[in-house]
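Structure first, commentary second.
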Amino acid sequence: MMVKPSLDDLLKKVDSPYTLAIAAARRARMLNEGAEPLLEYEGKKPVSHALEEIYAGKITIKRSNREGIK
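Using the working numbering, the letters of the sequence shown correspond one by one to residues 75 to 144.
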């Protein structure tokens, strides 16, 4: 199965694959709960829609500066 945008292209937008996974999951949950889509999208899957929004630069990903537990 071919995913568009590609994983390589998506990883250029974030600092790690983990950040991408968390951001896509959170946005997909928001879409499932009724949030307005930021792009026109023909697909049915919220995660795919979230990844399209991230790739298009419609989603800003902010990282916290919290230090690990000591």
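Virtual Cβ for every residue (Gly too), placed ideally from N, Cα, C.
These numbers were taken from a predicted model, which means no experiment stands behind them.
Could you give the residue range of the alpha helix (DSSP H) that holds residue i?
| i | result |
| --- | --- |
| residue 121 | 120-129 |
| residue 93 | 91-106 |
| residue 84 | 81-85 |
Closest by CA to residue i, which one among the options?
| i | options | result |
| --- | --- | --- |
| residue 138 | 93, 83 and 105 | 93 |
Taking all protein chains shown into account, do 16 or more other C-beta atoms lie within 10 angstroms of the C-beta of residue i, making it buried, or fewer, making it exposed?
| i | result |
| --- | --- |
| residue 75 | Low confidence applies to residue 75: its pLDDT is 46, below 50, so where it sits in the model is not reliable, and the reading given next is rough at best. Exposed, because fewer than 16 other Cβ atoms sit within 10 Å of the Cβ of residue 75. |
| residue 110 | exposed |
| residue 85 | exposed |
| residue 120 | buried |
| residue 95 | exposed |
| residue 105 | buried |
Could you tell me whether the segment 100-111 touches the segment 123-135, where touching means 3 or more Cβ pairs closer than 8 Å? yes
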